[in-house]
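Here the structure comes first, spelled out in structure tokens, and everything after it is commentary.
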Amino acid sequence: MVKKHLFSLDKCSCSDYYAIRMNKSRESRYLSRALEAAFLEAADQYPVVLISGPRQVGKTSMLEHLRESSRRYVTLDDMNIRSLANSDPGLFLQQFPPPMLIDEVQYAPELFWAIKMEVDRNPRPGAFWLTGSQAFPLMRGLSESLAGRVAILNLLGFSSREADGRPASISPFLPIDQVLTERQATAGKTMLPDVYARIWRGGFPALLTGKVRDRDLFYRSYVQTYLQRDVRDLLKVGDLDQFMRFLKATAARTGQLLNYTDLARDCGISVNSARAWLSVLQTSQQILLLPAWHTNYSKRLYTTPKLHFLDTGLCAYLTEWSSPETLAAGAMSGAILETFVVAEILKSWWHRGKEPAMYHYRDKERREIDLLLSHDGRLYPVEIKKAAAVRPSDAAAFVLPARHAALVDSGAVVSLYPDLLPLTRTVVNVPVGCL
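Under this note's numbering, think of the first position of the sequence shown as 26, with each following residue one higher.
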């Protein structure tokens, strides 16, 4: 059945594939995901395919939409099934033989070895489809047992393109002519009220499909569930009020350089606790710690990262902005727009099954670049501006020191100006709606 999906994809254009998916979506209220094509391609090559991502971003919905009628669905949220998977994984696979979809597989680490033995005996492509939400223990189990047998793909909340129903199965973002022309042909809205309404709402499917209409109720419930089911299990956090203060302080720092000491002091915790708690937010894909770029690969590990929340709606909720209008006019408006753009660019890669090399840049002369994309040995700088008027000086930081200048390729200033507009010979304005 996986090959049947891929045959259909190969025989039609991206636009035809998109139209077919959208027709199905209208009938079932399922919104198509850009990751579908990459997932099916991986499932035609690997016996095990894992979709990793935060809770409630649509991992299970996507796989339920794609799965064949013969593929069993099993969720390890069911305590009885979870107990069987951990106590007797061999019997579990006898009761639920492949092809199968296992939801929340991180709850049964003992199952990985049984899956390894099964795929070694019968290495059928696409035998096991897995989802998981807690990245660190999940990846540890996978690396020990399923190395070379599993394809791992990442899914976040809806990108703007997915939410709007615009073609999302296009080239990942790079500020080069071919990619920008392709994206501009199906660009969305770039007006400030529209952009901040999207930022304030976030990308969770329940809010975008109308399943949940009360945005504050959704995020309040999400945070409470996340604390109770994920963070407490991983860190044994005793004082949840203190952890909530930590979450809010972290959200307030989105789009900023991360200072562990300042964060720990503001929350009344140790620096080690701040590092550990941030590590959990990072590995559960709630935040992105964007490393600083350096020509020396090892030094990148020790330079100050930049913090970004991966869902701006959650970030805006934690920092208590009551409406898109107050957010757009508030002190965080520039930083959260930068976070939104970085997350959109990351999704353009992850949701096509690809891994971007993303950095920020800051040197001793205090030149800063919001985002550096490294691809095929070239650097593509991106500056993000909350402005409807742009000028060549906005790209002044793209002139790196002479020893790095030869690496720099074309760049972009992402702004609220609604059209693609050349700013210099190598830098172009890119509307937010073009992402």
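Glycine included, every Cβ here is placed at the ideal spot set by N, Cα and C.
Predicted model, so just to flag it, every value in this text is computed and none were measured.
Rounded to whole angstroms, the separation of the alpha carbons of residue 330 and residue 384 is 9 Å. Listed in chain order, the non-local C-beta contacts of residue 360 below 7 Å within the same chain comprise 279, 280 and 281, local neighbours out to five positions each way being set aside.
Taking a 10 Å sphere around the C-beta of residue 408, we find 16 or more other C-beta atoms and assign the residue as buried. In the DSSP assignment, residue 393 is bridged to 387.
Distance from the Cα of residue 317 is smallest, within the candidate group 352, 123, 147 and 386, for 386.
The C-alpha of residue 422 lies about 20 Å from the C-alpha of residue 442. Where residue 154 is concerned, the enclosing beta strand (DSSP E) starts and stops at 153-157. The continuous alpha helix (DSSP H) containing residue 64 extends over residues 60-68. DSSP, reduced to helix, strand and coil, places residue 334 within a strand of the structure shown. In this structure the region 115-135 lies against the region 147-154, because at least three pairs of beta carbons, one per stretch, are closer than 8 Å. By the CB criterion at 8 Å, residue 362 and residue 411 fall inside the cutoff.
The residues 54 and 56, in chain order, have a CB closer than 7 Å to that of residue 234 in the same chain once the five nearest residues on each side in sequence are set aside. Looking at the DSSP output, residue 100 bridges to 128. Around the beta carbon of residue 208, 16 or more other beta carbons lie within 10 angstroms, which makes this residue buried. Non-local C-beta neighbours of residue 397 in its own chain, meaning closer than 8 Å and more than five positions away in sequence, comprise 318, 383, 384, 385, 386, 404, 405, 406 and 407, ordered along the chain.
Between the region 93-106 and the region 183-196 there are fewer than three C-beta pairs closer than 8 Å, too few to call the two in contact. The shortest CA-to-CA distance from residue 81 to any of 230, 138 and 113 is the one to 230.
Apart from sequence neighbours up to five positions away, the residues of its chain that approach residue 97 with a beta-carbon distance below 6 Å are 121 and 125, ordered along the chain. Annotation: residue 137 to residue 84 spans about 19 Å, alpha carbon to alpha carbon.
Residue 436 carries a strand assignment under DSSP once its states are collapsed to helix, strand and coil.
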